[in-house]
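Trainee: In terms of our numbering, the sequence shown opens at residue 591 and continues consecutively.
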Amino acid sequence: MWLNIKSFEEYQNIYRQSEKDRLKFWEHEAGTFYWRKSWDKVHSGGFEKGDIKWFEGGKLNITENALDRHLNTIGHKTAFIFEPNHPDSFRRTITYRQLHEDVCRFANVLESKGIEKGDRVCIYMAMTPELIIAALACARIGAVHSIVFAGFSAQSLAERIQDCDAKMLITNDGLRRGDKHVPLKDISDEALESCPTVKNVIVCQRTNRDIDWKDGRDEWWHNLIRNASKRHTAVEMDAEDPLFILYTSGSTGKPKGVLHTCGGYMVYTSYTFRNVFQVEEEDVYWCTADAGWITGHSYIIYGPLFNGATGIIFEGTPTYPDAGRLWEVVEKYKVTHFYTAPTAIRALMSYDLDYVRKYDLSSLKVLGSVGEPINEEAWHWYNDHVGGGKCPIVDTWWQTETGGIMISPLAGITPTKPGFATLPLPGISPALMDENGKEIEGNGVNGNLCIKHPWPGIARTVWGDHERYLKTYMSAYKGHYFTGDGCRRDAEGYYRITGRVDDVLNVSGHRLGTAEIENAINEHPNIVETAIVGYPHDIKGQGVFAFMICEKDPKDPDAFKKEIHDLVTKIIGPIAKPDKIQIVAGLPKTRSGKIMRRILRKIAADDMDNLGDTSTLLDPSVVDDIVAGKAI
Ligand code: WT7
């Protein structure tokens, strides 16, 4: 039987059992799936060598667990409700049986185009059912999907395609997000100029706008599926075969291709979805994320499907056509479980409460938060005005690399606390570390958050760069996985994530590397050097602050700021645009040439009284100049 924790006491018992015999705990969980052949070994490897394996030798196809397994029991149940960008556009529901057929059809299409097990396929699409069908079809034939958020620029898309040598790109003609139009096919065409490995492009029609066409390379989705069979035998995979790559920003260099494998990811996303959200038979679950991020992978696509849930695919934005959109959708579909990011809540808090009050939200049972620390004000607004004071809020802490939720309340089962992700899930052992690399025991303490033992959902490598995987996650604290987050464990033992301690920013729940933005800005001919730091931002959580040294003082600061914005949009995407720019004569550097970001962070946060020790700087006077200067 699937583990479904039903009381706080049970949680505590199971947590203890899982600590005593971790392998037995995970083996039991894995046993609830359909395996064509059982595993030879539950687990091997560890953080020392980064050679972690789970359920090795087990044979399966993840889509048989997400789809085929349900056909005889809940084939007619709705798997997805599609809610388009504009409330008056065509909406549809898709049953498990239909989804299975659509995935099989598209799997046949992919095979007919020569895509084989192990090949990489890049998906750059609008949030429509076809995105999910494309991803599942890849999984069904054993191809590795790499979904790129359809807000990234041509250059970012190209970089991601090149890094994994994708053979195919699946995209749309374009998409609409709110009142904006994004010409996905044009962007793809531009990206593909530097991507010789891509031989085929499949274009799914969404906006019907004019697009360029490259005969022999481009084909319409609707033409290809027309004659494809709805039957397809899933390709047998080993538990440790790759399932997908998802690029995410790190503190240095270019984005990392985080790799997840079939068996462990399946077990982990399914287990966490079931126990954290406590979704029941008739419930309607809505995660507002985009499938281009890990939240969409784990908690729109995979986790809910393994559990036979009904989910919503939402193409729109929280403020289009107005700030009541999310609540309108909740009322319309009688949503019971609602999972979103603090930045969306903070954005909606700034509008009139009538946008919320207008709608009947009484169907809601559980609220979720993900992506960044949720401030108490937003927590209370969410709790009072959306949840009506009766819905537990699951503040779920996790990362692209963890595959699924790690620290979180279990809805209605374990306690909640505003601003706290609370307690680790059974099977997960967090540790707080001090600056000397020693574990800090006891409660009422702060430290850097690590995880002590491998769990099935952990990423297995960084695509093409295992060294970087070891260096980023497994070298800071020997024998531990380092998360990059700071954390408090309060007097009661509850965990509160306090934010990144590395050079990674979290802007509106999106992860951005300071180095990535700096490199983009440095492409500007008038820029000598840039330092990016985050600063507290009312809605985005963190804003992007750029300190830059210019060759010549720009004549028109506003025009200059726009040039920087355009450049960052072109190289990365609009999400990385700096909110504030300050031109400086010099940057605070140590004698060894390292930028002292600590000082810049304080200046950006307007916290000038306590700049700390500046005596180790090469030239302490630059700090006074920066403090005296002004951002544009
Ligand atoms: C980083 C991971 C997890 C899916 C979305 C983001 C921050 C995530 C929380 C939370 C405080 C959180 C952390 C983490 N974060 N969830 N509930 N409370 N911080 O995935 O892009 O891989 O980013 O997001 O800083 O390290 P991601």
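Where is the CB? At the ideal position from N, CA and C, for every residue including glycine.
Short of 6 Å in beta carbon distance, which residues of its chain neighbour residue 1155, apart from the five on each side in sequence? Order them along the chain.
Mentor: Hits under 6 Å: 1167.
Trainee: Relative to the alpha-carbon of residue 716, which residue among 925, 674 and 817 has its alpha-carbon at the smallest distance?
Mentor: Considering only alpha carbons, the answer is 674.
Trainee: Cβ of residue 1091 within 7 Å of any heavy atom in ligand 1?
Mentor: For ligand 1, not one heavy atom lies less than 7 Å from the Cβ of residue 1091.
Trainee: Hey, which unbroken runs of the beta strand (DSSP E) at 3 residues or more fall wholly within the segment 1129-1175?
Mentor: If we require 3 residues or more, the beta strand (DSSP E) runs fully inside the segment 1129-1175 come out as 1131-1140 and 1170-1173.
Trainee: When we look at the beta-carbon of residue 1028 and count the other beta-carbons within 10 Å, is it buried (16 or more) or exposed?
Mentor: Exposed: under 16 other Cβ atoms inside 10 Å.
Trainee: Let me confirm a value: residue 854 is counted as buried when at least 16 other C-beta atoms fall within 10 Å, else exposed. Which label applies?
Mentor: So residue 854 ends up on the buried side.
Trainee: Would you please state the rounded distance, in angstroms, between the beta carbons of residue 1003 and residue 601? I believe it to be under 8 Å.
Mentor: Indeed they touch by this definition, with Cβ atoms about 6 Å apart.
Trainee: Can at least three beta-carbon pairs, one atom from the segment 1117-1125 and one from the segment 1176-1187, be found at a separation below 8 Å?
Mentor: Taking 8 Å as the limit for Cβ pairs, the verdict is that the segment 1176-1187 does touch the segment 1117-1125.
Trainee: Sorted by chain position, which residues of the same chain lie with C-beta nearer than 6 Å to residue 984's C-beta, five sequence neighbours on each side aside?
Mentor: Same-chain partners within the cutoff: 866, 958, 998, 999 and 1001.
Trainee: Given a cut-off of 8 Å on the beta-carbon distance, is the pair residue 962 and residue 1131 in contact?
Mentor: A contact, by the Cβ cut-off of 8 Å.
Trainee: Sort 676, 891, 821 and 949 by Cα distance to residue 771 and report the nearest one.
Mentor: Among 676, 891, 821 and 949, the Cα nearest to that of residue 771 is on 676.
Trainee: What first and last residue would you give for the alpha helix (DSSP H) that runs through residue 853?
Mentor: From DSSP, the alpha helix (DSSP H) with residue 853 extends over 852-867.
Trainee: Based on the DSSP output, what are the partners of residue 1179 in its beta bridges?
Mentor: According to DSSP, residue 1179 bridges with 1185.
Trainee: Do residue 869 and residue 824 have their C-beta atoms closer together than 8 Å?
Mentor: The answer is no: Cβ separation not under 8 Å.
Trainee: Would you kindly work out how many angstroms separate the C-alpha atoms of residue 734 and residue 1179, rounded to a whole number?
Mentor: One C-alpha to the other measures close to 43 Å.
Trainee: DSSP three-state label for residue 1114, please.
Mentor: Residue 1114: coil per DSSP, three-state reduction.
Trainee: Measure from the alpha carbon of residue 656 to the alpha carbon of each residue in 1048, 1051, 890 and 806, then state which is nearest.
Mentor: Ranking the options by Cα distance to residue 656, first place goes to 890.
Trainee: Where does residue 798 sit, in a helix, a strand or coil, going by DSSP?
Mentor: Of the three classes helix, strand and coil, the one that applies to residue 798 here is coil, per DSSP.
Trainee: Out of 594, 1174, 1087 and 690, point me to the one whose CA is closest to residue 1216's CA.
Mentor: With distances taken between Cα atoms, residue 1216 lies closest to 1174.
Trainee: Check whether the Cβ atoms of residue 740 and residue 774 lie closer than 8 Å to each other.
Mentor: Yes, Cβ-Cβ distance for residue 740 and residue 774 is below 8 Å.
Trainee: May I ask you to report which of helix, strand or coil DSSP gives residue 826?
Mentor: Residue 826 falls in the coil class under three-state DSSP.
Trainee: For residue 944, verify whether its CB is less than 7 Å away from any heavy atom of ligand 1.
Mentor: Result no, Cβ not under 7 Å from ligand 1.
Trainee: Once DSSP output is grouped into helix, strand and coil, what is the label at residue 958?
Mentor: The answer is strand: DSSP assigns residue 958 an E or B state.
Trainee: For residue 876, tell me which candidate among 979, 916 and 935 has the shortest Cα-Cα distance.
Mentor: The shortest Cα separation from residue 876 among 979, 916 and 935 belongs to 916.
Trainee: Mark residue 803 as exposed unless 16 or more other C-beta atoms lie within 10 angstroms of its C-beta, in which case mark it buried.
Mentor: So residue 803 ends up on the exposed side.
Trainee: At a threshold of 7 Å, does residue 821 count as lining ligand 1 (C-beta to nearest heavy atom)?
Mentor: Because no heavy atom of ligand 1 lies under 7 Å away, the Cβ of residue 821 does not count as near it: no.
Trainee: Just jot down, in chain order, the residues whose CB lies closer than 7 Å to any heavy atom of ligand 1.
Mentor: Those residues are 838, 883, 884, 885, 959, 960, 961, 962, 963, 964, 985, 986, 987, 988, 989, 990, 991, 1011, 1073, 1074, 1075, 1087, 1089, 1090, 1096, 1099, 1100 and 1101, given in chain order.
Trainee: Using 8 Å as the threshold, is the segment 704-719 in touch with the segment 809-818, meaning 3 or more CB pairs across them?
Mentor: No, the segment 704-719 is not in contact with the segment 809-818.
Trainee: Assuming the contact rule is C-beta atoms closer than 8 Å, residue 981 and residue 960 should be a hit. Round their C-beta distance to whole Å, please.
Mentor: With a Cβ gap of about 16 Å, residue 981 and residue 960 do not count as contacting.
Trainee: Leaving out five residues before and five after residue 993 in sequence, what residues of the same chain have Cβ atoms less than 7 Å from its Cβ?
Mentor: 850, 855, 858, 859, 888, 1047, 1048 and 1049, listed in sequence order.
Trainee: For the segment 1050-1131, which segments carrying the beta strand (DSSP E) assignment without a break, of at least 3 residues, lie completely within its bounds, in sequence order?
Mentor: For the segment 1050-1131, whole beta strand (DSSP E) runs of length 3 or above, ordered along the chain, are 1071-1079, 1085-1090, 1094-1097, 1100-1103 and 1117-1127.
Trainee: Determine the closest residue to residue 645 out of 816, 1022, 623 and 744, with distance taken between C-alpha atoms.
Mentor: Among 816, 1022, 623 and 744, the Cα nearest to that of residue 645 belongs to 623.
Trainee: Are the beta-carbon atoms belonging to residue 663 and residue 840 less than 8 Å from one another?
Mentor: Against a cut-off of 8 Å, the Cβ pair of residue 840 and residue 663 comes out as no contact.
Trainee: Just to confirm the assignment, what range does the beta strand (DSSP E) spanning residue 770 have?
Mentor: Segment 770-772, the beta strand (DSSP E) holding residue 770.
Trainee: Within the same chain, show all residues whose beta-carbon is closer than 7 Å to that of residue 970, passing over the 5 residues directly before and after it, in chain order.
Mentor: Only 1008 meet the Cβ criterion.
Trainee: Taking the alpha-carbon of residue 829 as reference, which of 1058, 1220 and 631 has the nearest alpha-carbon?
Mentor: Checking every option, the nearest Cα to that of residue 829 belongs to 631.
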